[in-house]
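Encoded as structure tokens, the structure appears first; notes follow it.
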Amino acid sequence: MNGLCSPFNRSPYELFARHAAHIRAIDPLLFSGQLSAHGARVRRFTGLLTELGAADPDSEAATLTYRAAYRQHWRLLPGAPDVLRDLRAAGLRLAVLTNYVREVQGQKLAHFGLDALVDAVLCVEDVPAAKPDARAYHAACAALNVTPAQAVMVGDSWEKDVQGARAAGLRAVWVSRAGLPAPEPGVPVVSRLADLPAALGLVPA
Numbered sequence: 628m629n630g631l632c633s634p635f636n637r638s639p640y641e642l643f644a645r646h647a648a649h650i651r652a653i654d655p656l657l658f659s660g661q662l663s664a665h666g667a668r669v670r671r672f673t674g675l676l677t678e679l680g681a682a683d684p685d686s687e688a689a690t691l692t693y694r695a696a697y698r699q700h701w702r703l704l705p706g707a708p709d710v711l712r713d714l715r716a717a718g719l720r721l722a723v724l725t726n727y728v729r730e731v732q733g734q735k736l737a738h739f740g741l742d743a744l745v746d747a748v749l750c751v752e753d754v755p756a757a758k759p760d761a762r763a764y765h766a767a768c769a770a771l772n773v774t775p776a777q778a779v780m781v782g783d784s785w786e787k788d789v790q791g792a793r794a795a796g797l798r799a800v801w802v803s804r805a806g807l808p809a810p811e812p813g814v815p816v817v818s819r820l821a822d823l824p825a826a827l828g829l830v831p832a
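Each residue of the sequence shown is one higher than the one before, counting from 628 in my numbering.
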């Protein structure tokens, strides 16, 4: 082609970055209820494939292909069901607090049977504002009938799961799968979920 590169001749990293950019641009429409999860995916692939130079892209087919592959690659963190059972056996009430939509997160929880191991699931539609807004954590506390001082937020996002929760009056445990130390003192860190009961003081460290 006279030295010109096809728009599809891009590295996987470039494609991933462009795909992520389309997600960020469309998510506000999804979170506000203007698009369903499926509708957001179709719009995302319409934009991405058009950007890559596809003429009249079949975004519906691309969405279904992507979604099937995506579901096949869902993976639990090792030990997740056992840890949830242990925490419940210790008398703790458990909630999922997520910034994503129930249509998607509910499917994931049900797929792995985790929905039966938690007492409440709060998605972006269920809270006054998304993490790291304090109202998100307070809504989760209300769902569990505990005060913020009685609650512990566990998550892998330093900003949304640790900093936001602490600012809202909760304690927090950072899940650092890379084994990095906490950027601030006073925050327990685990790299494996199996270490969470010890970090919560439920078993000897």
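Glycine included, every Cβ here is placed at the ideal spot set by N, Cα and C.
- One Cα belongs to H649, the other to A682, and the distance between them is close to 18 Å.
- Annotated three-state conformation of A689 is helix, per DSSP.
- With contacts defined as CB atoms closer than 7 Å, S686 and F672 qualify as a contacting pair.
- If you look at G791, you'll find it in the alpha helix (DSSP H) that goes G791 to A794.
- CA-to-CA, the gap between A747 and V779 works out to about 15 Å.
- For the 7 Å CB-CB criterion, A757 and A763 form a contact.
- If you look at R720, you'll find it isn't in any alpha helix (DSSP H); DSSP assigns it neither H nor E.
- A Cβ-Cβ contact shorter than 7 Å links N726 with V751.
- Per the C-alpha coordinates, the member of S638, V710, R729 and L719 positioned closest to G660 is R729.
- Going by DSSP, R762 is part of the alpha helix (DSSP H) stretching over A761 to L771.
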